[in-house]
Amino acid sequence: MSEPQVSRRRFLAGAGAIAGAAALGGVAGVAVDRAVIATETARRIEDSGNESFTDLEPFYGIHQSGIATGLQAHGAFASYTLNDDFDVDAAKRMLRVLTDTAAKLTSGIAPMSDNDPELVTGPARLTITVGFGPGFFARTGTVEKIPSGFVEIPAYSIDALEPQWSGGDLLVQFGADDPLVLAHALRHVSRSIRTFATPKWVQRGFTQASGLGRPAGTPRNLMGQVDGTVNPRTEQEFDDQVWASAPAWFAGGTMAVVRRIAMELDTWDALDVPAKELSVGRKLSNGAPLTGELETDVPDLDAVGENGLKVIPTLAHIRRARTADDRQKFLRRPFHYDDGTNAKGQNDAGLLFVAYTSDIENRYVPVQNALAKRDLMNQWTTPIGSAVFVIPPGCMEGGYIGQALLES
Amino acid sequence: MNKFRLASIATAALVLSVGLAGCTTSTGDSGTNGSASQQSETMSSSVSISDAWVKAIDDVSGVAPMTGFFMLVTNNSDQDVVITGGSVPADLTPDAVETHEVVSNDAGDMVMQEAKDGITIPAHGSVKLMPGSFHMMLFNMVKPILVGDTVTLTVAFADGSTTDVTGTAYSIENGLEKYVPEAKN
Numbered sequence: 001m002s003e004p005q006v007s008r009r010r011f012l013a014g015a016g017a018i019a020g021a022a023a024l025g026g027v028a029g030v031a032v033d034r035a036v037i038a039t040e041t042a043r044r045i046e047d048s049g050n051e052s053f054t055d056l057e058p059f060y061g062i063h064q065s066g067i068a069t070g071l072q073a074h075g076a077f078a079s080y081t082l083n084d085d086f087d088v089d090a091a092k093r094m095l096r097v098l099t100d101t102a103a104k105l106t107s108g109i110a111p112m113s114d115n116d117p118e119l120v121t122g123p124a125r126l127t128i129t130v131g132f133g134p135g136f137f138a139r140t141g142t143v144e145k146i147p148s149g150f151v152e153i154p155a156y157s158i159d160a161l162e163p164q165w166s167g168g169d170l171l172v173q174f175g176a177d178d179p180l181v182l183a184h185a186l187r188h189v190s191r192s193i194r195t196f197a198t199p200k201w202v203q204r205g206f207t208q209a210s211g212l213g214r215p216a217g218t219p220r221n222l223m224g225q226v227d228g229t230v231n232p233r234t235e236q237e238f239d240d241q242v243w244a245s246a247p248a249w250f251a252g253g254t255m256a257v258v259r260r261i262a263m264e265l266d267t268w269d270a271l272d273v274p275a276k277e278l279s280v281g282r283k284l285s286n287g288a289p290l291t292g293e294l295e296t297d298v299p300d301l302d303a304v305g306e307n308g309l310k311v312i313p314t315l316a317h318i319r320r321a322r323t324a325d326d327r328q329k330f331l332r333r334p335f336h337y338d339d340g341t342n343a344k345g346q347n348d349a350g351l352l353f354v355a356y357t358s359d360i361e362n363r364y365v366p367v368q369n370a371l372a373k374r375d376l377m378n379q380w381t382t383p384i385g386s387a388v389f390v391i392p393p394g395c396m397e398g399g400y401i402g403q404a405l406l407e408s
Numbered sequence: 001m002n003k004f005r006l007a008s009i010a011t012a013a014l015v016l017s018v019g020l021a022g023c024t025t026s027t028g029d030s031g032t033n034g035s036a037s038q039q040s041e042t043m044s045s046s047v048s049i050s051d052a053w054v055k056a057i058d059d060v061s062g063v064a065p066m067t068g069f070f071m072l073v074t075n076n077s078d079q080d081v082v083i084t085g086g087s088v089p090a091d092l093t094p095d096a097v098e099t100h101e102v103v104s105n106d107a108g109d110m111v112m113q114e115a116k117d118g119i120t121i122p123a124h125g126s127v128k129l130m131p132g133s134f135h136m137m138l139f140n141m142v143k144p145i146l147v148g149d150t151v152t153l154t155v156a157f158a159d160g161s162t163t164d165v166t167g168t169a170y171s172i173e174n175g176l177e178k179y180v181p182e183a184k185n
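Chains as they are written, first to last, in this note's numbering: chain A, 1 to 408; chain B, 1 to 185.
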């Protein structure tokens with residue numbers, strides 16, 4: 001997706017609104033203090049002359065931010081193992097702290113317990129999203145409340161999963177247009193919840209710098225392919241594909257699949273342009289299906305070329321990923337990773353593939369099954385990490401993420 | 001707007017009402033309060049307190065376990081305001097809460113000691129109580145304060161007025177200065 005689905009507002013305007021509310025009295029003292037802090041942050045941002053820092057994504061709402069939010073330049077996914085004494089009481093305390101911390105950081109305000117308030121240099125469209133792994137439900141006695149369709153991804157023969165990129169009881173997802181803002185948020189959240197949970201893995205990814213005038217249109221992956229053409233874009237599509245409606249506590253929530261897909265860029269380099277296009281079924285130039293002219297053209301899977309072969313090969317990625325079942329659609333919101341060179345001197349790079357769906361079992365797994373069985377792209381890609389999380393709905397000010405699960 | 005979204009809003013409204021019910025014990029803010037509305041000329045009515053928090057302490061089995069309470073205090077009046085101490089519920093500690101400061105001694109170490117004259121909030125000024133600086137000190141803790149717990153501190157002022165402020169407990173590494181009751185002089 002190329003454009004934010006949720007309207008955002010300028011941080012400076014937000015600070016002004018807080019100051020305006022303060023003038024109305026009531027909780028005047030509180031609001032004035034916050035406004036002073038917000039104004040100081042705003043001034044630092046103004047001094048920097050970079051408006052990218054002032055963009056704000058709302059924290060409170062029906063849905064958590066970071067999902068329908070336009071892709072930020074940087075992302076980090078942190079998975080945690082819950083400590084031995086974690087229980088439902090600890091969960092409530094942790095989630096209150098996590099919610100309050102996230103609400104402040106995403107507003108560009110340093111929490112009072114932040115040892116490094118100077119590093120909060122602006123919201124920079126920071127989002128902090130909380131998810132629960134299977135272990136969270138087990139530890140809080142809420143297994144019977146797990147939404148239907150929340151299942152682990154089946155093991156596939158193409159997988160080479162590594163424990164350091166897989167699983168986890170708790171997910172905290174970060175996205176921001178500035179890498180320092182993101183790094184500080186990740187560090188402060190981790191230390192704020194350290195008495196409850198221990199980091200298991202952190203995966204960092206990137207898209208493109210926002211301040212440089214990011215190219216319009218669907219993003220490209222590190223193989224150069226346009227990636228994400230069939231994503232939901234309208235509110236209706238999000239409601240149909242991404243946001244859950246039941247059970248009651250989960251209404252407005254979703255589920256996340258986080259898979260680390262290593263790309264064999266060195267062997268991919270051996271292909272020429274037509275071979276690369278055949279593997280996916282789309283043109284590299286603009287992402288149009290090989291049977292069309294525009295990215296948005298519907299692929300003609302039956303078209304046969306002069307050589308008597310299907311124009312979009314039988315094992316092409318878009319053919320394998322396409323199903324007749326309209327339910328099997330979901331949001332892809334991937335980041336790239338590029339961690340330098342591995343021990344063999346090859347590129348250590350790939351895709352931090354992240355999908356959001358209201359039902360992993362029935363909406364996501366069938367597509368993954370089809371791809372794992374036969375997809376030309378499997379020659380150059382290897383899943384090396386996999387994890388699933390329930391993303392609870394958002395919360396309103398005064399509440400906390402997960403409250404409807406733990407207190408209903 | 002379809003039924004999914006309406007259901008979502010209903011859930012969100014429920015969350016909101018639950019949250020509001022617990023508001024006074026979870027936000028860490030004290031704007032106007034009881035003493036302010038009843039006694040409009042006291043020190044307690046002259047200040048607004050926000051961003052209150054307390055350093056979590058999960059082990060109270062040691063000798064004289066202690067922790068700190070922090071907040072941002074703003075004086076909205078034309079007169080200086082002085083915080084002299086306070087108290088917390090007796091199940092946490094039976095001892096009075098003292099005003100403390102962190103200073104450097106002759107050896108160059110940062111040490112903590114009682115701020116015997118209290119903590120002065122200048123007229124139309126604010127003071128941020130924080131680790132490594134002024135703070136409210138809780139002594140001889142008999143019950144742990146776990147991360148995410150809330151603690152209500154009754155702040156006492158020099159004129160005898162008081163105000164309650166509730167802070168959430170956070171985990172933080174710093175604030176380990178050695179406590180030296182008579183560091184200065």
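C-beta: ideal position from N, C-alpha, C; glycine also.
* Asked: Can you name the residues that DSSP bridges to A/His336?
  -> Translated into the one-based positions of the first sequence, residue 336 of chain A becomes position 336. In the DSSP assignment, the residues bridged to A/His336 are A/Phe206, A/Leu351.
* Going by Cα to Cα distance, which pick from A/Ala160, A/Leu180, A/Gly61, A/Leu71 is closest to A/Gly108? -> On the first sequence, position 108 is the one that residue 108 of chain A refers to. A check of alpha carbon separations from A/Gly108 across A/Ala160, A/Leu180, A/Gly61, A/Leu71 identifies A/Leu180 as the nearest.
* Who are the near neighbours of B/Leu129 in its chain, counting only those whose CB is closer than 6 Å to its CB and skipping five residues on each side? -> As a first step, residue 129 of chain B must be located in the second sequence, where it is residue number 129. Closer than 6 Å at the Cβ level, and outside the excluded window around B/Leu129, lie Phe70, Met71, His135.
* Under 8 Å between beta-carbons, which chain B residues line up against A/Arg194? List them in chain order, please. => Walking along the first sequence from the start, residue 194 of chain A turns up at place 194. For A/Arg194, the chain B residues whose Cβ falls inside 8 Å of its Cβ are Ser171, in order along the chain.
* 8 Å Cβ cutoff met for A/Thr234 and A/Asp227 -> Taking the first sequence and counting its residues from 1, the one referred to as residue 234 of chain A is at position 234. Taking the first sequence and counting its residues from 1, the one referred to as residue 227 of chain A is at position 227. Cβ atoms of A/Thr234 and A/Asp227: not closer than 8 Å.
* Asked: Using DSSP with H/G/I as helix, E/B as strand and the rest coil, what is A/Tyr364?
  -> Within the first sequence, numbered from 1, the residue matching residue 364 of chain A stands at position 364. In the three-state scheme derived from DSSP, where H, G and I count as helix and E and B as strand, A/Tyr364 is classed as helix.
* To do: Quick one: list the residues of chain A neighbouring B/Ala56, beta-carbon separation under 8 Å, in chain order.
  => Taking the first residue of the second sequence as position 1, residue 56 of chain B is located at position 56. For B/Ala56, the neighbours in chain A by C-beta distance under 8 Å run, in chain order, Thr195.
* Asked: In chain B, which residues lie less than 8 Å from A/Thr273 when you measure between Cβ atoms?
  -> Here residue 273 of chain A corresponds to residue number 273 of the first sequence, with the count starting at 1. One detail in the question is off: residue 273 of chain A reads as Val in this sequence, not Thr. Those within 8 Å of A/Val273 in chain B number zero; the least Cβ separation is about 43 Å.
* To do: Grab me the residues of B/Tyr170's own chain with a C-beta within less than 8 Å of its C-beta, minus the 5 sequence neighbours each way, in chain order.
  => Here residue 170 of chain B refers to the residue found at position 170 when the second sequence is read from its first residue. Within the same chain, Trp53, Val54, Lys55, Ala56, Val147 come within 8 Å of B/Tyr170 by CB-CB distance, once the 5 residues on both sides are set aside.
* Which residue from B/Glu98, B/Phe139, B/Ile172, B/Ile145 puts its Cα closest to that of B/Ala64? -> As a position in the second sequence, residue 64 of chain B is number 64, starting the count at 1. Among B/Glu98, B/Phe139, B/Ile172, B/Ile145, the Cα nearest to that of B/Ala64 belongs to B/Phe139.
* Asked: Less than 8 Å separating the beta-carbons of A/Val97 and A/Ser192?
  -> Within the first sequence, residue 97 of chain A is the residue found at index 97, counting from 1. Within the first sequence, residue 192 of chain A is the residue found at index 192, counting from 1. Taking 8 Å as the cut-off, the beta carbon of A/Val97 is found closer than this to the beta carbon of A/Ser192.
* To do: Answer with yes or no whether the minimum CB distance from A/Ser285 to chain B is below 8 Å.
  => Residue numbering aside, residue 285 of chain A sits at position 285 when the first sequence is read from its first letter. Not an interface residue.
* To do: Give the residues of chain B in contact with A/Asn427, contact being defined as C-beta atoms less than 9 Å apart.
  => Any question about residue 427 of chain A goes unanswered here, given that chain A covers just 1 to 408.
* Asked: Is there at least one non-hydrogen atom of the ligand SAM closer than 7 Å to the beta-carbon of A/Thr218?
  -> Absence of the ligand SAM is noted for the structure shown, with no ligands found whatsoever.
* By Cβ distance below 7 Å, which residues in the same chain neighbour B/Val60 in space, the five residues on each side in sequence not counted? -> Within the second sequence, the letter at position 60 stands for residue 60 of chain B. Result list for B/Val60: Met141, Val142, Lys143, Pro144, in chain order.
* To do: Could you have a look at A/Pro179 and say whether DSSP puts it in helix, strand or coil?
  => To locate residue 179 of chain A, count along the first sequence from 1; it is residue 179. A/Pro179: helix per DSSP, three-state reduction.
* To do: Using 10 angstroms around the beta-carbon of A/Arg374, count the other beta-carbons present and answer buried if the total reaches 16, otherwise exposed.
  => Walking along the first sequence from the start, residue 374 of chain A turns up at place 374. Per the 10 Å Cβ criterion, exposed.
* Asked: Are the C-beta atoms of A/Arg93 and some chain D residue less than 8 Å apart?
  -> No chain D appears in this structure, whose protein chains are A and B.
* Could you work out which residues of chain A lie near B/Thr166, taking near to mean beta carbons separated by less than 9 Å? => As a working mapping, residue 166 of chain B is identified with position 166 in the second sequence. For B/Thr166, there are no C-beta contacts with chain A under 9 Å, since the nearest C-beta of that chain is about 12 Å from it.
* Asked: Hey, does B/Val81 have any beta-carbon neighbour from chain A nearer than 8 Å?
  -> Taking the second sequence and counting its residues from 1, one reaches residue 81 of chain B at position 81. Judged by the 8 Å Cβ criterion, B/Val81 is not in contact with chain A.
* Would you grab the beta carbon distance between A/Trp201 and A/Gln164 for me? Rounded to a whole angstrom, and I think it's under 8 Å. => One-based indexing of the first sequence puts residue 201 of chain A at position 201. One-based indexing of the first sequence puts residue 164 of chain A at position 164. Yes, they are in contact, since the Cβ atoms of A/Trp201 and A/Gln164 sit about 5 Å apart, within 8 Å.
* Asked: Pairing CB atoms from the region 324-335 of chain A with CB atoms from the region 386-403 of chain A, are three or more of them under 8 Å?
  -> No: fewer than three Cβ pairs fall under 8 Å.
* How about A/Arg187: is its C-beta nearer than 8 Å to some C-beta of chain B? -> For the purposes of this step, residue 187 of chain A is identified with residue 187 of the first sequence, where counting begins at 1. It does not: the Cβ of A/Arg187 has no partner Cβ on chain B nearer than 8 Å.
* Asked: Excluding the five sequence neighbours on either side, which residues of its own chain have a C-beta within less than 6 Å of the C-beta of B/Ile119, listed in chain order?
  -> As a working mapping, residue 119 of chain B is identified with position 119 in the second sequence. The residues Ile83, Thr99, Phe134, in chain order, have a CB closer than 6 Å to that of B/Ile119 in the same chain once the five nearest residues on each side in sequence are set aside.
* Asked: How about B/Thr150 and B/Gly132: do their beta carbons lie closer than 8 Å?
  -> In the second sequence, counting from the first residue as 1, residue 150 of chain B sits at position 150. In the second sequence, counting from the first residue as 1, residue 132 of chain B sits at position 132. No, Cβ-Cβ distance for B/Thr150 and B/Gly132 is not below 8 Å.
* To do: Could you tell me whether the Cβ of A/Val97 comes closer than 8 Å to any Cβ of chain B?
  => Working through the first sequence from its first residue, we reach residue 97 of chain A at position 97. Answer yes: the Cβ-Cβ gap between A/Val97 and chain B drops below 8 Å somewhere.
* Going by the CB atoms, is the gap between A/Ala370 and A/Thr314 shorter than 8 Å? -> For this step, residue 314 of chain A is matched to residue 314 along the first sequence. For this step, residue 370 of chain A is matched to residue 370 along the first sequence. No, the Cβ-Cβ distance between A/Thr314 and A/Ala370 is not below 8 Å.
* **Exposure label - A/Leu309; buried when at least 16 CB within 10 Å** => For the purposes of this step, residue 309 of chain A is taken as residue 309 along the first sequence, with counting starting at 1. So A/Leu309 counts as exposed.
* Consult DSSP for A/Ile391 and reduce its assignment to one of helix, strand or coil. => Counted from its first residue, the first sequence places residue 391 of chain A at position 391. When secondary structure is reduced to three states using DSSP, A/Ile391 falls in the strand class.
* Asked: Would DSSP call A/Arg327 helix, strand or coil?
  -> Translated into positions along the first sequence, residue 327 of chain A becomes position 327. Three-state DSSP puts A/Arg327 in coil, outside helix and strand.
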